[in-house]
Amino acid sequence: MLGALARPAHSHRSRRRVSSRHVGRSASRVSPRAAGWFAEPTADVPDAVSADAPLRVLVAGGGLGGLFAAICLRNAGADVVVLERTASYRPFGGPIQLASNGVSVIKATSESLFRRVHDVSRPFWRTTSGIRDGLKGNWMFTFGAITELPDEQDLPFSICVDRSDLQAALLEEISETHACDDENENETQRVVRMDAAVVRYANRADGRGVDATLADGRVVTADVLVGADGIWSAVRAQMFGEPGGVKGAGSTASFTGYKLFSGLPLFKPYYYEDVGYSAFIGPDHYFVTCPDRAGRVQWYGFIKASTPESPDVDDPKAFLETTLEGWAPEVLELIRATDPATIEQRDLWDRFPSVAKSWADGRVTLLGDSCHATMPNIGQGAGLAFEDGFELAKVLKDVRSRSEIPAALRSFYRRRIARTAAVQGLGRMNSEAIKILTPLLPIRPLVEYFIGPFLPLVFRAQFGYCYSFCPQKMDARDARALAEEMRARHKKEAEEAWADAEARGVAVVGVENAHENPALEVLAN
Ligand SMILES: Cc1cc2nc3c(=O)[nH]c(=O)nc-3n(C[C@H](O)[C@H](O)[C@H](O)COP(=O)(O)OP(=O)(O)OC[C@H]3O[C@@H](n4cnc5c(N)ncnc54)[C@H](O)[C@@H]3O)c2cc1C
3 MLGALARPAH
13 SHRSRRRVSS
23 RHVGRSASRV
33 SPRAAGWFAE
43 PTADVPDAVS
53 ADAPLRVLVA
63 GGGLGGLFAA
73 ICLRNAGADV
83 VVLERTASYR
93 PFGGPIQLAS
103 NGVSVIKATS
113 ESLFRRVHDV
123 SRPFWRTTSG
133 IRDGLKGNWM
143 FTFGAITELP
153 DEQDLPFSIC
163 VDRSDLQAAL
173 LEEISETHAC
183 DDENENETQR
193 VVRMDAAVVR
203 YANRADGRGV
213 DATLADGRVV
223 TADVLVGADG
233 IWSAVRAQMF
243 GEPGGVKGAG
253 STASFTGYKL
263 FSGLPLFKPY
273 YYEDVGYSAF
283 IGPDHYFVTC
293 PDRAGRVQWY
303 GFIKASTPES
313 PDVDDPKAFL
323 ETTLEGWAPE
333 VLELIRATDP
343 ATIEQRDLWD
353 RFPSVAKSWA
363 DGRVTLLGDS
373 CHATMPNIGQ
383 GAGLAFEDGF
393 ELAKVLKDVR
403 SRSEIPAALR
413 SFYRRRIART
423 AAVQGLGRMN
433 SEAIKILTPL
443 LPIRPLVEYF
453 IGPFLPLVFR
463 AQFGYCYSFC
473 PQKMDARDAR
483 ALAEEMRARH
493 KKEAEEAWAD
503 AEARGVAVVG
513 VENAHENPAL
523 EVLAN
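Count along the sequence shown from 1, add 2, and you get the number used in this note's numbering.
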């Protein structure tokens, strides 16, 4: 019933950019309206969902999944408040790959958000991605399906977007698509409450709502609580009877056997325009590079680690140069170009699919990494979280009375478990396949001979499955035109950034291409 109750669109939609600072207000300075919302006694709320009594949804966690779910739920007519643990968003992380399925979900949710995201993204269209020999740098296998499938099936192209740009686009969408009736704050500040960590919840004994307790002791009541609080979710820990506040070893997450190092230097490699991403596979480790915006290149070093929670390396640059000694120049030049102080490091964890236990507990559900943390190598974590928000809003839109909520949340779990488990499985399978492949590098020609012919089929099947969640198509001609526009902007931005660096005397130019480059073949077609 929520669809009929959508709040009016903002009458003064400016193109003002909303950045993280727009939501940096502490929850201790709660606006009168938000204070009223938090304090509203549940007993007064009627069972029927109506325009005067829309569903009140609390989202614990204002990451990518939580913010996108808030947009979907608001579009479906719900009154939503997002509770985010951190006091302010800080720009962190480099670009992430948002695959066709995630982009299609954005398009189906909001054309304005689709445009906002594309304004700050790079398309995979007319680029090559694939696996390269970590030591020599030659291409071994390419993933043509990444761009061929969307083109054949009228899907939006996969894109590459900075995590902080994507987050800013989501915040801007929240701010600019609904009116804010409180003159003291903007709509994003009203909806996203910072410095508000959820520590536990309780389904009310009378079945009329859920209480969420915050770290500062306040209790917030709502019709639904969505635990979008990431892989170390407090909501999940309580729901699954796991030890709360425990990260890493001792938690129920699985260590993937890799420690991840990442960097984002300003750099001008020969493949900047032509390559989507390259996975360099070498002995024990693998290294992924992906050109980002504004002349920068993202790299991730997946370094084999036998035990979880190995201490952070003091000098990551020296450590990587030693560990990856003898690797391809394309790998080493990026490490050398990176300021060591900016290199991030973390253990990589994922989770076994939750096939035996539902994510629904009365009025509470989970979403995103809290219920299906996925290996980053498949580039699907954010896309799956977006699909969750989209599906949850669809399920709750059909709820006509509050007593139907527990059943609706159970049906949300049933709709999502098979798909999310399959994608989680594919991410793990890729990771384990790389572990098998790396010792075989000395006999690379044999590996290519025997495996080579099958890999395009395997990749096609894998991408085909991931892209099969597609609520909104896009005509291939329109998708190509948009991608060309993005490519032109991407090139201009990069050239300006490199020229600026060179004018400051900063060397950014990398090695020349000494390999056969399939990117050129792709571009010729
Ligand atoms: C290195 C790396 C690379 C990746 N690359 C890709 C990629 O290319 N493509 C892709 O699709 N995915 C990628 N992912 C995965 C993707 O980042 C996640 O799947 C996605 O961010 C999940 O979103 P989420 O909202 O569920 O969780 P998160 O983004 O982790 O957000 C959780 C939020 O909850 C907040 N929070 C935590 N606890 C509480 C609490 N108790 N109360 C309130 N708030 C709380 C946190 O501060 C955070 O803001 C990558 C992940 C990693 C680690």
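All C-beta atoms in this analysis are idealised placements derived from N, C-alpha and C, irrespective of residue type, glycine included.
Keep in mind the model is a prediction, meaning the values are calculated, not measured.
Can you find the residues in the same chain that come closer than 6 Å, C-beta to C-beta, to ARG446, ignoring five residues on each side of it along the sequence? Within the sequence shown, numbered from 1, the residue matching residue 446 stands at position 444. The answer is none, since no qualifying residue turns up.
Which of the three DSSP states, helix, strand or coil, is assigned to PRO267? As a first step, residue 267 must be located in the sequence shown, where it is residue number 265. Three-state DSSP puts PRO267 in coil, outside helix and strand.
Three or more C-beta pairs below 8 Å linking the segment 128–146 and the segment 46–63: Too few Cβ pairs lie closer than 8 Å, so no.
Which first and last residues belong to the alpha helix (DSSP H) in which VAL237 is found? Here residue 237 refers to the residue found at position 235 when the sequence shown is read from its first residue. Here the alpha helix (DSSP H) through VAL237 covers 236–241.
Quick one: does the C-beta of LEU66 sit closer than 8 Å to a heavy atom of ligand 1? On the sequence shown, residue 66 is found 64 positions in, with the first residue counted as 1. Yes - ligand 1 has a heavy atom lying nearer than 8 Å to the Cβ of LEU66.
Nearer than 8 Å: is that true of the beta carbon of SER102 relative to any heavy atom of ligand 1? Translated into positions along the sequence shown, residue 102 becomes position 100. For ligand 1, not one heavy atom lies less than 8 Å from the Cβ of SER102.
Taking 8 Å as the line, does the beta carbon of ALA384 fall inside it for any heavy atom of ligand 1? Locating residue 384 in the sequence shown gives position 382, where the first residue counts as 1. Yes, the beta carbon of ALA384 sits closer than 8 Å to at least one heavy atom of ligand 1.
Coarse secondary structure for PHE249, derived from DSSP in three states: On the sequence shown, residue 249 is found 247 positions in, with the first residue counted as 1. The displayed chain sequence assigns Lys, not Phe, to residue 249. Of the three classes helix, strand and coil, the one that applies to LYS249 here is coil, per DSSP.
Nearest by alpha-carbon distance to ARG338: which of ARG412, SER52, VAL299, ARG76 is it? Locating residue 338 in the sequence shown gives position 336, counting from the first residue. For ARG338, the nearest C-alpha among the options comes from VAL299.
Hey, is the segment 324–343 in contact with the segment 511–518, meaning 3+ C-beta pairs nearer than 8 Å? yes
With a threshold of 16 other CB atoms inside 10 Å of the CB of SER160, please say whether the residue is buried or exposed. Locating residue 160 in the sequence shown gives position 158, counting from the first residue. SER160 should be labelled buried.
State the Cα-Cα distance for the pair TRP329 and GLY427, rounded to the nearest angstrom. Here residue 329 refers to the residue found at position 327 when the sequence shown is read from its first residue. Here residue 427 refers to the residue found at position 425 when the sequence shown is read from its first residue. Distance between the alpha carbons of TRP329 and GLY427: 30 Å.
When every heavy atom of ligand 1 is checked, does at least one fall within less than 8 Å of the C-beta of ALA251? Here residue 251 corresponds to residue number 249 of the sequence shown, with the count starting at 1. No, Cβ of ALA251 sits at least 8 Å from all heavy atoms of ligand 1.
Alpha carbon to alpha carbon, what distance is there between ALA71 and ALA387? Position 385 of the sequence shown, counted from the first residue, corresponds to residue 387. Position 69 of the sequence shown, counted from the first residue, corresponds to residue 71. Note on geometry: alpha-carbon atoms of ALA387 and ALA71 lie some 8 Å from one another.
Beta-carbon within less than 7 Å of LYS109's beta-carbon, same chain only, minus the 5 sequence neighbours each way: which residues are those? Reading the sequence shown from its first residue, position 107 is the one you call residue 109. Counting only Cβ-Cβ distances below 7 Å, and skipping sequence neighbours, we find PHE116, PRO158, GLN474, MET476.
For ALA199, is the beta carbon positioned less than 8 Å from some heavy atom of ligand 1? Taking the first residue of the sequence shown as 1, we reach residue 199 at position 197. ALA199 Cβ: within cutoff of ligand 1.
Can the beta-carbon of TRP351 be found closer than 9 Å to that of ILE436? On the sequence shown, residue 351 is found 349 positions in, with the first residue counted as 1. On the sequence shown, residue 436 is found 434 positions in, with the first residue counted as 1. Result no, Cβ atoms of TRP351 and ILE436 do not sit closer than 9 Å.
Hey, does ALA503 have any beta-carbon neighbour from chain C nearer than 9 Å? The structure shown contains no chain C; it is built from a single protein chain.
Please report the straight-line C-alpha distance between LEU216 and ASP400, rounded to a whole angstrom. Numbered from 1 along the sequence shown, position 214 holds the residue referred to as residue 216. Numbered from 1 along the sequence shown, position 398 holds the residue referred to as residue 400. For LEU216 and ASP400, the distance between alpha carbons rounds to 29 Å.
Below 8 Å, is the gap between the Cβ of SER166 and the nearest heavy atom of ligand 1? Here residue 166 is taken as the residue at index 164 of the sequence shown, counted from 1. No, ligand 1 has no heavy atom inside 8 Å of this Cβ.
Outcome for GLY104 when other beta-carbon atoms lying within 10 angstroms are tallied against a minimum of 16: For the purposes of this step, residue 104 is identified with residue 102 of the sequence shown, where counting begins at 1. Result: buried.
Buried versus exposed call for PHE456 [16 or more other C-beta atoms within 10 Å across all chains shown]: Here residue 456 is taken as the residue at index 454 of the sequence shown, counted from 1. When all chains shown are included, PHE456 counts as exposed.
If you run the structure through DSSP and keep just helix, strand and coil, what is SER131? As a working mapping, residue 131 is identified with position 129 in the sequence shown. Three-state DSSP puts SER131 in a strand.
Flag GLU86 as yes when its Cβ comes closer than 8 Å to any non-hydrogen atom of ligand 1, and as no otherwise. As a working note, residue 86 is residue 84 in the sequence shown. Result yes, Cβ under 8 Å from ligand 1.
For ASP477, which beta-bridge partners are listed by DSSP? The count along the sequence shown starts at 1 and reaches residue 477 at position 475. None, per the DSSP bridge assignment.
Close beta carbons around PHE321, own chain, < 7 Å, minus the five adjacent residues each side: The count along the sequence shown starts at 1 and reaches residue 321 at position 319. Closer than 7 Å at the Cβ level, and outside the excluded window around PHE321, lie VAL315.
Report buried or exposed for VAL508, applying the criterion of at least 16 other Cβ atoms within 10 angstroms of its Cβ. Residue 508 sits at position 506 when you count from the first residue of the sequence shown. Counting the other CB atoms within 10 Å of its CB gives VAL508 a total below 16, which places it among the exposed residues.
Can you have a look at ARG402 and say buried or exposed, based on whether 16 or more other CB atoms are within 10 angstroms of its CB? Position 400 of the sequence shown holds residue 402. It counts as exposed.
Could you compute how far the alpha carbon of THR340 sits from the alpha carbon of LEU369? Position 338 of the sequence shown, counted from the start, is the residue given in the question as residue 340. Position 367 of the sequence shown, counted from the start, is the residue given in the question as residue 369. The alpha-carbon of THR340 is positioned some 35 Å away from that of LEU369.
Is DSSP giving VAL32 helix, strand or coil here? Position 30 of the sequence shown, counting from 1, holds the residue named residue 32. Summary for VAL32: the model assigns pLDDT 34, below 50, so the residue's position carries little reliability; its value from the coordinates is reported in the next sentence. In the structure shown, VAL32 sits in coil (DSSP, three-state: anything other than H, G, I, E or B).
Near ligand 1: TRP234 beta-carbon under 8 Å from a heavy atom: Taking the sequence shown and counting its residues from 1, the one referred to as residue 234 is at position 232. For TRP234, the shortest separation between its Cβ and any heavy atom of ligand 1 lies below 8 Å.
Which of helix, strand or coil does DSSP assign to ALA224? Within the sequence shown, the letter at position 222 stands for residue 224. Here ALA224 sits in strand by DSSP.
Looking at LEU411 and ALA362, is the spacing between their C-beta atoms short of 9 Å? One-based indexing of the sequence shown puts residue 362 at position 360. One-based indexing of the sequence shown puts residue 411 at position 409. Yes. Within cutoff.
Measure from the alpha carbon of PRO444 to the alpha carbon of each residue in GLU486, ILE283, PHE354, then state which is nearest. The sequence position of residue 444 within the sequence shown is 442, counting from 1. Ranking the options by Cα distance to PRO444, first place goes to ILE283.
To the nearest angstrom, report how far apart GLN567 and PRO48 are at their CA atoms. What the structure shows of the chain is the stretch from 3 to 527, and residue 567 is not part of that stretch, so it cannot be assessed.
Helix, strand or coil: how does DSSP classify ARG27 here? Here residue 27 corresponds to residue number 25 of the sequence shown, with the count starting at 1. Only weak support exists for where ARG27 lies, its pLDDT of 36 falling under 50; the value from the coordinates is given anyway. Correct three-state label for ARG27: coil.
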